[in-house]
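Shown next, in structure tokens, is the structure this report addresses.
There are 2 protein chains.
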Amino acid sequence: MSDIDTTQIDLMHRYWRAANYVSVGQIYLMDNPLLREPLEPEHVKPRLLGHWGTTPGLNFVYVHLNRIIRDRDCAVLYVCGPGHGGPAMVANTYLEGTYSEIYPAIPQNEDGLRRLFKQFSFPGGVPSHVAPETPGSIHEGGELGYALAHAYGAAFDNPDLVVTCVVGDGEAETGPLAAAWHSNKFLNPAVDGAVLPILHLNGYKIANPTLLARMGDGELRSLFVGYGYEPFFVEGHEPATMHRAMADTLDAVFDRIRAIQAEARAGATPSGRPRWPMIVLRSPKGWTGPKEVDGKKVEDFWRSHQVPVSNARGDAAHRKILEHWMRSYGPEELFDAEGRLLPEIAALAPSGERRMGALPQANGGLLKQDLILPDWRSLAVEVARPGETVAESTRVMGAYLRDVLRLNAEARNFRLMGPDETASNRLDAVFETTDRVWMERIEPYDVHLAREGRVMEVLSEHLCQGWLEGYLLTGRHGLFSCYEAFIHIVDSMVNQHAKWLKVSAELPWRKPVASLNYLLTSHVWRQDHNGFSHQDPGFADFVANKKAETVRLYFPPDANTLLWVTEHCLGTFNRINVITAGKQPQAQWLSAAEAEAHCRAGAGIWRWASSDEGEPDVVMACAGDVPTLETLAAVDILRTALPDLAIRVVNVVDLMTLQSRSEHPHGFTDEEFDALFTRDRPVIFAYHGYPYLIHRLTYRRANHANLHVHGFREEGTTTTPFDMTVMNGIDRYHLAQAALRRLPELGERGARLIGELDARLAAHADYIREHGEDMPEIRDWRWPA
Amino acid sequence: MSDIDTTQIDLMHRYWRAANYVSVGQIYLMDNPLLREPLEPEHVKPRLLGHWGTTPGLNFVYVHLNRIIRDRDCAVLYVCGPGHGGPAMVANTYLEGTYSEIYPAIPQNEDGLRRLFKQFSFPGGVPSHVAPETPGSIHEGGELGYALAHAYGAAFDNPDLVVTCVVGDGEAETGPLAAAWHSNKFLNPAVDGAVLPILHLNGYKIANPTLLARMGDGELRSLFVGYGYEPFFVEGHEPATMHRAMADTLDAVFDRIRAIQAEARAGATPSGRPRWPMIVLRSPKGWTGPKEVDGKKVEDFWRSHQVPVSNARGDAAHRKILEHWMRSYGPEELFDAEGRLLPEIAALAPSGERRMGALPQANGGLLKQDLILPDWRSLAVEVARPGETVAESTRVMGAYLRDVLRLNAEARNFRLMGPDETASNRLDAVFETTDRVWMERIEPYDVHLAREGRVMEVLSEHLCQGWLEGYLLTGRHGLFSCYEAFIHIVDSMVNQHAKWLKVSAELPWRKPVASLNYLLTSHVWRQDHNGFSHQDPGFADFVANKKAETVRLYFPPDANTLLWVTEHCLGTFNRINVITAGKQPQAQWLSAAEAEAHCRAGAGIWRWASSDEGEPDVVMACAGDVPTLETLAAVDILRTALPDLAIRVVNVVDLMTLQSRSEHPHGFTDEEFDALFTRDRPVIFAYHGYPYLIHRLTYRRANHANLHVHGFREEGTTTTPFDMTVMNGIDRYHLAQAALRRLPELGERGARLIGELDARLAAHADYIREHGEDMPEIRDWRWPA
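Those sequence lines, one after another, are chains A and B. Residue numbering for the first sequence is 1 to 785, as defined by full-length UniProt numbering. Residue numbering for the second sequence is 1 to 785, as defined by full-length UniProt numbering.
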């Protein structure tokens, strides 16, 4: 039997009616918010835009969480998977008071209610989805699939937080969501918070039943037991029964969570993964809405998905249905004369920061503490002269990340994500100070697995990305290292995060969160064990479409520049920083001091490699580690053969310097650009990725017509490192030839050298087909002393 | 007790040893293939590249499938999820004879074996993964996640096919794979083939245990029962026991499949979804390989993932391990003096097209029959004069697709995929002739659900894409309709498919498959119920990076052009066709005849909208339906205010015409391009997507410096249709102003009109904030009669 008395149930029901009322009002009304007059056409918005179907269920959950937060004085974050149910989250944060605190123009009275209704899905107002504008939210939910990964990300290292995550049964069909159930294998009850998934089966998507709703409870139970949860079912449609069932279940579930945590935190050796509870909530789609419209089933069917009464402004019969529906909630029993929620109802909501709309974790910038960053110079590679030292750049970066982990170990606010590739990407120095988090069985021969690891590896880029987003949005820091080609798997998630950041930055009350940092490695030019499927440098193109304030693309050519860039990125906020760097042993070019000066400028002339004295015959430019190597080798060929040729070498670390200052804050002015690339000399530009991106960034520059970009031309397979560059024409020989072809003044000398390089290409081709590796003269080439 | 006698078990074991031997040989050797001499350094490749860990398990499955195919004379397709186990599939197709038939340079003798070994992961040879080069394959498996979706796609409408799909436990952690288990809810035993998933738990990824391998059999069983399967477990490491267990299990499972199919095909009413069998195969990673190397655990651990003995060329002790390992398979007991597999072993494999490497379905172009296409003109919209008729373009396309479905109903070779959006995207005419396929319970009030539907809707873009790829690669046709923004979810899958097509086209024995066709709708400019998260037109940029031979981007501006483009795309092969078109009611511009002429050219001058007589003052160009509308409205404004201005209107349907002919087969020559866009006049180009793409495509053109592109600037929210264009500066007023600013010769007249348009923009802003919809003069604008 339940402890919850009938008064409390009644109170929750009235609160729910109010939330439903305020939700419907947002979708339909622009005036007459409390229906104190009969509903007239002009009270109804001309364009009815929004989603009703999921909304009553979301309200139901919100109201019940309010009760439990008050009862237990706990911190609960509400991740709303069906983010298109925006009216619910706006309604509830309004009713609890946070909305008006953040937006004083929308007060808690009749006028405020009128404005609240009108602004929804209205020009100049608020979007129809849960969005950055919505207090208490870290999740937009327009693109489905990421709610549960966000929820887990928010819970890591937040031991006092319960993250409730409503998963719609539509969203539950997506791949990323299906994988995210397994996140429980990475949540440590001793140091992390809890995630309470609520699978909301309202049965339908836009125009179809959902798979999970039609499976039957037997299979459903098996599925979630198989995922490692203890499922609790709350099913029905009678509000009174449902309130009772939900309240009892939430009590049971919160008890269970506290028991799991208490045991894990009692100091005993952690005993492996607990069976966390989850709730299956089966309630009708469009619950409490019109049962039928125009003779067609609406409530408990997909027709309630968006706007169930579509012509309420133009059609009197429709308007009547709407009015009847809204009055069924009894607004006069819910709001006082001023239009305020009656105090006995309002009292159900928690107060202060316990209100879900006011939870600081949902505005992570409020809690964000800067990382303690080690001085990268302490780890810099000794480079006495260019090209002498050989190092694996990402291995050096791994040492830096190790120190970041050490220095911030107590703060527990930094995690490293990667799909089983931390060691493969040569960041394994981090395992000197931490491990991979792993809550399953650990065998004696396992390596670097631990309950409390801060490295998160799962073979799902979606999970890595979703966890990290949730972690950052709740005020922490992190880095995601990924095989370059496979970062496209999360294109769409990055897109959504960029949109979130863009809008958040426009809201003064949303405080900046730490940047989303990527290391892309095992890149296109060095996929030794793999082939064409692993060769794609196009993420940069994708990211470059997002807002200039948000995106940065870095191509550090060696270890010291990579160190500088890493430190820089970890100190930034509200950005998406993409660092691309190889993991293979490679020549090092710049000392620490040189690296710092070069990276601060973003791009610059490498004097030591150049033979011009201010007036180059040709500019050899490069961005990316392999292109830099090949460019320098090409310059060596040219300078050796043609000592009188004035060659300028330009290296670009920060790709955004190429854009105009007017388009990107890091962009060079035209004067700065021309000072590097000249206004009229041929420029041979070896770029790490697809060549078009360089054209797109530079098409406004004076010298653009002379810019010849070599990059990845979508040719690849399993072959030698140098052969990959040859296949795409970005090798030293093709680069040197490209320069020679643009220097007709060389006459016969140029033509002869071009022919000689053709012969070297042919020799290379013969050699690798015989020996299976690159010619020693290519492999062992070093910049001349 | 099993029917399979010991001789047969022994035979399978010997075949397996041969396959393992040939696999290891590929990874390591470049000479001495049968170890007839002691192993010397020069026999070992200098670069050892490949993946051993998964290979013995893949071989084990292959050999057992060979047995069952012979025993039952059935057609089996082998989808190899762990595609990095390339040596296995190459070894087996070689042993069964198909490899040498396709590649006569690699005969079945010692010399052939030497070549087979050497070419693997070797320059000029074959990639390390299962790839288009691998006979019998439709799946590369380098990027993990799609094996099971491909398998189901192959099985749809292939009633006599059993598609066996090995799912690695690494891949099983990915989102797309996790969702794909639910594909059983869409497979109809009466008309489709069967899919037999084999979850291969070898325990480890690159450097970690896998989640599913550590879960324990109880949870695992629950999980797959929850997914709707009947799991069979085959677990162990002793070959004799394992062969017996696998053979018995496969017999049981194939019996079960046939029973399900027999029941469904007996003519009774289909009774809903059967519980299909699946196998959990738990075997050691790197099975039969070295147990330890350098004192570290290798077999049954992640260290066997790639090359377990890493320095076999340079280090004598390592070479000894390798030699011992290879000799443990007893090559002298497997191959005859010529180097041929002994006939009694070879006899285990099926013959002819029953060999999995020779299965016609795995080279779908062999089976592909052209679609019977209706004449699109029969459905063309009547357009007496431009702008008079209003229609929803995708609704018209829906009627065309309905007719395609009807005409090819008997062939059962066309399916329509979409994530719950077929009706939302207004293609619902297709439901006049078919339904959505649905194997779960069907309620009396459900709409257009049926066991035999040819429309496939699931809220997972990954599944839609994966199914369609599998369907196309086995010789059928289809179209995927998707919300424009969310097609980014499958960026990476499209990438991999494009790579597959590119390589396949280079192999004469791979016959062309039908193109992958997209309709992207509910696009950026008309997201009425949704906001910023639903606004992203960047897929075109992503696709444009792929090979020119493969990709096409179409922006039909109205219904008749959309019809032409649809018919055209459905008749093509080996391409990725992306059609972007809106679903909202819009003015129609071209009659059927005009549409045909315009689309055939790909882009052209709209004379009826232009006021130039060959010498324009300004070119107003457009691509995309909303940009076309706004451009025409801008032209109307300009022509009304400045009747003497010579304006040329250019519309682009096929975006690839903008590229140079040298870069894309559809590209215009410079003469053709200049004839439309001039060499020196200002061009205001309103483009549907991110403006940079147009710059990237046209930067080599003479008039590029005068090209001013307006497009999506990443500004959006829930607002009115016209306001979306204003936010991004692609509305009629901004376009007209852009033209005026580039026409200084207009002097005061231009400046005055610019000011007037500013006033109209301000009036628009005021109006929508008051009324919530666009001004009637904007909404109701029509091209003047």
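Ideal Cβ positions, reconstructed from N, Cα and C, are used throughout, including at glycine.
Buried or exposed: which applies to residue i, given that a residue is buried once 16 or more other Cβ atoms fall within 10 Å of its Cβ?
i      : result
B:K296 : exposed
A:A633 : buried
A:G531 : buried
B:L642 : buried
B:T678 : buried
B:K320 : exposed
A:T521 : buried
For a contact meaning CB atoms closer than 8 Å, what does residue i contact in chain B?
i      : result
A:G538 : N495, F542 and N545
Return the bridge partner residues of residue i from the DSSP annotation.
i      : result
B:W276 : B:Y229
A:G604 : A:N651
A:E235 : A:R282
A:G168 : A:H200
B:A240 : According to DSSP, B:A240 bridges with nothing at all.
A:F120 : A:V126
A:L161 : A:A75
B:V293 : B:K296
By the criterion of Cβ-Cβ separation under 8 Å, what are the contact partners of residue i in chain A?
i      : result
B:L220 : G226
B:F301 : Y445
B:F486 : E143 and S492
B:S47  : In the sequence on display, residue 47 of chain B carries Arg and not Ser. Per Cβ cutoff of 8 Å: D528, T720, G772 and E773.
B:G170 : D420 and L459
Kindly list, in the order they appear in chain B, the residues whose Cβ is closer than 9 Å to that of residue i.
i      : result
A:G418 : Neighbours of A:G418 on chain B: none; closest Cβ ~10 Å, over 9 Å.
A:T389 : Result: empty, since nearest Cβ-Cβ is about 24 Å, beyond 9 Å.
Residue i by DSSP, collapsed to three states: which one?
i                      : result
residue 831 of chain A : Beyond the ends of chain A as shown, which are 1 and 785, falls residue 831 of chain A; an answer cannot be given.
B:T580                 : strand
A:M1                   : For A:M1, the pLDDT reaches just 43, beneath the cut-off of 50, and the residue's location in the model is therefore unreliable, leaving the point undetermined.
B:Y21                  : helix
B:A785                 : coil
B:Q586                 : strand
A:A247                 : helix
A:R552                 : strand
A:Y329                 : coil
A:E101                 : helix
A:F335                 : strand
A:H324                 : helix
B:P721                 : helix
A:H708                 : strand
B:P41                  : helix
A:L29                  : strand
Closer than 7 Å by beta-carbon distance: list the chain B residues that pair up with residue i, in chain order.
i      : result
A:R696 : Y692, H695 and R696
What alpha helix (DSSP H) runs, 4 residues minimum, are completely inside the region 628-704 of chain B? Secondary structure within the region 628-704 of chain B: the alpha helix (DSSP H) runs of 4 or more consecutive residues, fully enclosed, are 670-677 and 692-698 (chain order).
Within the region 376-461 of chain A, note down every full alpha helix (DSSP H) run reaching 4 residues or more, in order along the chain. DSSP runs (the alpha helix (DSSP H)) wholly in the region 376-461 of chain A: 393-407.
Could you tell me which uninterrupted alpha helix (DSSP H) segments, each at least 4 residues in length, are contained entirely in the region 459-531 of chain B, listed from first to last along the chain? For secondary structure counted as the alpha helix (DSSP H) over 4 or more consecutive residues, the region 459-531 of chain B holds these complete runs in sequence order: 461-473 and 491-505.
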